[in-house]
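Taken in sequence, the protein lines are chains A and B.
For the first sequence, position 161 matches number 161 in the numbering used here, and the numbering has no gaps at all.
For the second sequence, position 31 matches number 31 in the numbering used here, and the numbering has no gaps at all.
Glycine included, each C-beta is placed from N, C-alpha and C at the ideal position.
Structure first, then comments.
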Amino acid sequence: MPKFFATMDKIKLAYDWTDKVVMIICKVLLIVDILITSYAVAGRMLNEYIPFLKDPAWTEEVVLTCMAYMAVLSAALAIRRGTHIRMKAFDKYLPKRTLKILDILSDVAVFSLGVVMIYVGWRYATTIGSRGFYVSLPWLSRFWMYFPVPLAGLAMIIFEFEALYNHVKSFYVKEEENA
Amino acid sequence: MDANSIAILILLGSFFVMVFLRFPIAYAVGLSSIFCMLFQGSNLNDISRLMVKGISSFSLMAVPFFITMGVLMGSGGISQKLIALANACVGWMRGGLAQVNIVASYFFGGISGSAAADTASLGSILIPMMVDEGYDADFSTAVTVTSSCEGLLVPPSHNMVIYATTAGGISVGSLFLAGYLPAALLAITLMIGSYIFSVKRGYPKGEKFSFKNFIIQLAKSIWALAAVVIVVVGVVAGVFTATESAAIAVIYSLIVSVFVYKGLNWKGVWKVLDDCVGTLAIVLILIATSSVFGYCLTTLHVPALAAEAITNFTSNRIIIILLLNVILLVLGAIMDMAPIILIATPILLPIATGVAGLDPIQFGIMVVLNCGIGLLTPPVGAVLFIGSAVGKVPMEKVVKATLPFYVCMMIALLFVSFIPEISLILPKVFGGYIPTNM
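The following block contains the structure:
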């Protein structure tokens, strides 16, 4: 069994890369949001003096869409890093085995939520969601506004899969061997 | 039991069970909403619509921007300058460094808006300084953690933006102005507490007050403090919206940290954005899933039922206000700040503004202060853990040393709860706000 896990562990590299890429995307989205909002403010306040600086109508919708993508992608990163807010107050009073079981239960639940979000989110984005267009960008389907929900589900599943794999592995491979 | 009651039980019951089972709160909120909607036979498609709607608020964009501004300023070498300014103001008093710690938290709060960042940043400098000067380590840590709560009230605070958005239709500018006096009151009660301890234990005084030194330190810190001025004056004067001011403040903070204070280089800025994304990861998804939860609460008429339950219990306004504080303090002891604001506000705000006769802005300040005290209360007490780690003092000792300061904080909380003027006078005078209970 440890041999199987040693082979499977090679996928960790892919996860590390995914983690890095997602983090870069989130940072870029944050920077884009800041720049667009600042540009809009500058455009509104300075347009009188600098005519080419404008406050285009599309800024608000684009900024909000970027935030939605940043929210779901960064939330998936937080799954991998275990940084989501959870009640850890009683951790030191619980046996390690109980904590492990609770962790698995929680990961399975989040995995299931991810599946629901993919199914429900995709159905909505491709049906009701895709019928409209952005108000300020009439050529852009509103599908892209609702796509973050199934994307969140997918990202959650990808990172939860790794978490669940690590739980399974921990039953077969002892910590010393792991190290 | 009717279907509505069972649906409420499923929603709230499954939520609390999952929280106690250590599920991430953001996902526990989402799952309990799904269980409730399945029981009610609602269309699950609404989940998508509500999540996107929850997060697609331009006002909420201020949250990531304020967090980014705080992280940039915090990493840009501002802490030492603010400590020096606080030292010039109150270092001459008995227990000077404890007073400096409290006043520095007031200044730093305006920039970071985070109690955890305040404790980590100021504590790592001030606690060793205080111990070297002869202060007890547990006392130094207790002063650091309790004073960090000021930062949640001093604007700009991203938690206030979350409250304003959740409560709906509340002016962020007025809420910002409302935070100044309660934070100052909290600082004064903590300073009195520290002074009494300092006299009792013979803690030292600092150097004599020098106006010249004060001006010098003010000049050094002015670049950082100007970020707060940009945000607060910009929003209150109607020049910017909160989100726009936050974006401008981020750009300004970047320029100050990189070119003026030179605490960060471009590589450092890119790295620091990791922290921003890390914090946003927790907050934003919670806002999205809480939107679905809030929808369930509303369709099940939970706020009205909660108000009815409380008025059946008592109609005494004072008891209701105390009860609201107790509920928030208990929640604060077991949950983090953002989830409480997002989940409790839709339920408690109608009670606060209805039967308790509180103004929504005053109630917002109460929520933030209660949650701040909650950050220092075991078993969760995130800031206590940070303080304990930074001060290298065992948790039990920190809690014991913090006990007298809880009294100071409770006094401040009672003043804020029962004297609306403390929260509402500034928004009324400078923001043109018309309070409902003054």
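CB contact below 8 Å: residue i versus chain A
| i | result |
| --- | --- |
| Val17(B) | no |
| Thr68(B) | yes |
| Val229(B) | no |
| Leu21(B) | yes |
| Phe396(B) | Residue identity check: residue 396(B) is Glu in the sequence provided, not Phe. No, Glu396(B) lies away from the interface with chain A (no Cβ there is under 8 Å from its Cβ). |
| Asp336(B) | yes |
| Ile216(B) | no |
| Val478(B) | Outside the modelled stretch of chain B, which goes from 1 to 438, sits residue 478(B), for which no answer is possible. |
| Thr119(B) | no |
| Ile341(B) | no |
| Leu44(B) | yes |
| Thr243(B) | yes |
Cβ of residue i within 8 Å of any chain B Cβ
| i | result |
| --- | --- |
| Ser141(A) | no |
| Glu48(A) | no |
| Val33(A) | Note that residue 33(A) is Asp in the sequence shown here, rather than Val. So, interface residue. |
| Ile158(A) | no |
| Ile128(A) | yes |
| Met70(A) | yes |
| Val120(A) | yes |
| Val168(A) | no |
| Val135(A) | no |
| Leu102(A) | yes |
| Tyr124(A) | yes |
| Val149(A) | yes |
| Leu30(A) | yes |
| Ala78(A) | yes |
Collapsed DSSP secondary structure at residue i in the structure displayed
| i | result |
| --- | --- |
| Lys10(A) | coil |
| Lys205(B) | strand |
| Arg86(A) | coil |
| Ser185(A) | With chain A represented from 1 up to 179, any question about residue 185(A) goes unanswered, as that position is not in the structure. |
| Thr58(B) | It is worth fixing the name first, because residue 58(B) is Phe in this sequence and not Thr. Here Phe58(B) sits in coil by DSSP. |
| Phe52(A) | coil |
| Arg81(A) | helix |
| Tyr252(B) | helix |
| Phe133(A) | strand |
| Arg49(B) | helix |
| Arg123(A) | helix |
| Arg22(B) | coil |
| Pro2(A) | helix |
Inter-residue Cα distance where the pair is residue i and residue j
| i | j | result |
| --- | --- | --- |
| Ile78(B) | Ile125(B) | 12 Å |
| Gly132(A) | Pro148(A) | 16 Å |
| Gly54(B) | Phe293(B) | 10 Å |
| Thr144(B) | Phe405(B) | 11 Å |
| Pro150(A) | Trp144(A) | 11 Å |
| Leu137(A) | Ala137(B) | 59 Å |
| Ile351(B) | Gly268(B) | 47 Å |
| Cys441(B) | Leu113(A) | This structure gives no information on residue 441(B), because the portion of chain B shown stretches from 1 to 438. |
| Ile434(B) | Lys428(B) | 6 Å |
| Thr68(B) | Leu31(B) | 30 Å |
| Phe52(A) | Thr189(B) | 53 Å |
| Phe363(B) | Lys88(A) | 29 Å |
| Ala179(A) | Ala86(B) | With a pLDDT of only 44 at Ala179(A), under 50, the local geometry of the prediction cannot be trusted, and no value is derived from it. |
Cross-chain neighbours of residue i in chain B, by beta carbon under 7 Å
| i | result |
| --- | --- |
| Thr83(A) | Gly278, Ala281 and Ile282 |
| Glu60(A) | Phe58 |
| Leu105(A) | Leu21 |
Neighbouring residues, chain B, relative to residue i (Cβ below 8 Å)
| i | result |
| --- | --- |
| Met23(A) | Asp274 and Val277 |
| Leu64(A) | Ile55, Ser56, Ser57, Phe58 and Met61 |
| Lys188(A) | Given that chain A is displayed from residue 1 to residue 179, the structure contains no residue 188(A) and the question cannot be resolved. |
| Pro56(A) | Here the premise fails: no neighbours, minimum Cβ distance about 14 Å. |
| Tyr146(A) | Ser48, Arg49 and Val52 |
Partners in chain A for residue i, counting only beta-carbon separations shorter than 7 Å
| i | result |
| --- | --- |
| Gly468(B) | This structure leaves residue 468(B) out entirely; chain B is present only between 1 and 438. |
| Phe65(B) | Ile34 |
| Ile34(B) | Val116 |
| Ala439(B) | A query on residue 439(B) cannot be resolved here, the shown segment of chain B reaching from 1 to 438 and no further. |
Residues that residue i contacts on chain A, provided the C-beta gap is smaller than 8 Å
| i | result |
| --- | --- |
| Ala26(B) | Ala75, His84 and Ile85 |
| Phe240(B) | Val41 |
| Thr189(B) | In chain order: nothing, as chain A lies at least about 27 Å away. |
Would you be able to state if there are at least three C-beta pairs under 8 Å between the stretch 331-343 of chain B and the stretch 162-172 of chain B? Because the criterion of three Cβ pairs below 8 Å is met, the stretch 162-172 of chain B and the stretch 331-343 of chain B touch.
Are the stretch 94-109 of chain B and the stretch 146-154 of chain B touching by the rule of at least three beta carbon pairs closer than 8 Å? yes
Is there contact here, the stretch 62-69 of chain A with the stretch 91-110 of chain A, by at least three beta-carbon pairs under 8 Å? no
Between the stretch 273-282 of chain B and the stretch 76-95 of chain B, are three or more C-beta pairs nearer than 8 Å? Segments in contact, no.
When the Cβ atoms of the stretch 284-303 of chain B are set against those of the stretch 7-24 of chain B, are three or more pairs found closer than 8 Å? yes
Just checking, does the stretch 31-47 of chain A make contact with the stretch 239-259 of chain B on the three C-beta pairs under 8 Å criterion? yes
How about the stretch 66-86 of chain A and the stretch 149-166 of chain A: do they share at least three Cβ pairs that are nearer than 8 Å? yes
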